[in-house]
Amino acid sequence: MALRVTAAGVGGASELAFLKEPGDVIAVRDRSLMLDCQVEGEGPISITWRRNGIPMVTGVKASVLANGTLLIKNFSKRRETNETDAGEYECAAQNRYGMLISRKARVQLASLPKFLSHPESMVVDEGGVARLTCQVNGIPGANITWEKDRRPLRPEDPRYTLLPNGVLQVTGARRTDGGFYRCVATNIANTRYSHEAQLSVTGKNT
498 MALRVTAAGV GGASELAFLK EPGDVIAVRD RSLMLDCQVE GEGPISITWR
548 RNGIPMVTGV KASVLANGTL LIKNFSKRRE TNETDAGEYE CAAQNRYGML
598 ISRKARVQLA SLPKFLSHPE SMVVDEGGVA RLTCQVNGIP GANITWEKDR
648 RPLRPEDPRY TLLPNGVLQV TGARRTDGGF YRCVATNIAN TRYSHEAQLS
698 VTGKNT
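Numbering (our numbering), first residue to last: 498 to 703.
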């Protein structure tokens with residue numbers, strides 16, 4: 498797809514220079530996406546876009562704005578064919594003096610697949626330490642929080658610690674810590690809940 502931009506040269510300069518190049522971005526399914534490509538130089542300037550090295554075609558789905566920005570409507574991935582709008586995008590600016598190619602911008606589709614692992618039920622002695630784990634890979638990385646009996650854990654309780662990789666550690670376990678715990682993973686693509694795991698806290702042997 499191409500767009501001709503009529504622009505006066507800055508300070509009489511004929512050479513092209515980028516004011517803005519496309520940057521790496523994570524796109525959300527069914528939402529619009531804009532990639533920058535703003536150029537200065539003597540006009541007229543022709544702006545073209547490529548995806549994975551293949552020239553893009555203007556249509557209902559994608560268009561080039563007056564400033565050279567690429568607009569993709571309803572960024573998608575088709576489940577049936579596994580086709581996706583993700584890939585490497587670059588723009589090219591050309592005037593009668595030559596052509597300038599932008600950096601390649603990596604565009605990924607935001608995703609939050611199913612959990613790789615779920616927390617497992619466990620029994621711990623009163624005063625002991627319990628560790629509940631869950632694992633999920635998301636784009637971008639998911640924010641992990643925990644719920645007990647379907648209610649968010651109190652972050653102000655110092656006995657509850659969220660360790661790296663989504664591990665919940667409960668120190669100085671008490672009878673009141675017993676209940677059903679689940680992991681909550683959230684990113685811009687989705688929110689997922691793990692299976693529930695029961696934590697049982699037993700009295701110390703006398």
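Just so it is clear, CB atoms sit at the ideal spot from N, CA and C, and this is done for glycine as well. Remember, it's a predicted structure, so these values are computed and weren't measured experimentally.
Pick from the options that is closest to residue i, judged by C-alpha positions
i, options, result
"P610", "L597, P637, S618 and V620", "P637"
"N592", "L532, R548, E623 and L513", "L513"
"N640", "R647, P661 and R656", "P661"
"D646", "A563, D582, Y678 and A670", "Y678"
"G584", "M596, R671 and R547", "R547"
"N564", "D527, A694 and T545", "T545"
Beta-carbon spacing of residue i, residue j below 8 angstroms
i, j, result
"Q632", "S614", "yes"
"R628", "V664", "yes"
"V525", "A686", "yes"
"E539", "Y594", "yes"
"L516", "V536", "yes"
"A649", "T642", "The residue asked about is misnamed: residue 649 is Pro in this sequence, not Ala. Contact flag set, yes."
"V626", "V698", "no"
"G669", "G635", "no"
"Q605", "I523", "yes"
Residue(s) in a DSSP beta bridge with residue i
i, result
"T566", "None; T566 has no bridge partner."
"L532", "L567"
"N592", "G595"
"T677", "Per the sequence shown, the amino acid found at residue 677 is Phe instead of Thr. DSSP, once it has assigned bridges, lists Q695 as partnering F677."
C-alpha gap between residue i and residue j, whole angstroms
i, j, result
"P616", "E644", "12 angstroms"
"P541", "S608", "40 angstroms"
"T566", "S529", "13 angstroms"
"Q666", "D654", "12 angstroms"
"K712", "S691", "Residue 712 lies beyond the range of the chain shown here (498 to 703); nothing can be said about it."
"E580", "R656", "47 angstroms"
"R672", "F612", "29 angstroms"
"N549", "D582", "10 angstroms"
"E693", "L532", "41 angstroms"
7 angstroms Cβ shell around residue i - same chain, five flanking residues per side excluded
i, result
"I598", "E587 and A589"
Chain-order list of residues whose beta-carbon lies under 8 angstroms from that of residue i (same chain, five-residue window excluded)
i, result
"K558", "I569, K570 and N571"
"M596", "L513, A589 and A590"
"R651", "Y657"
Same chain, Cβ closer than 6 angstroms to residue i, five either side skipped, listed in chain order
i, result
"G520", "A602"
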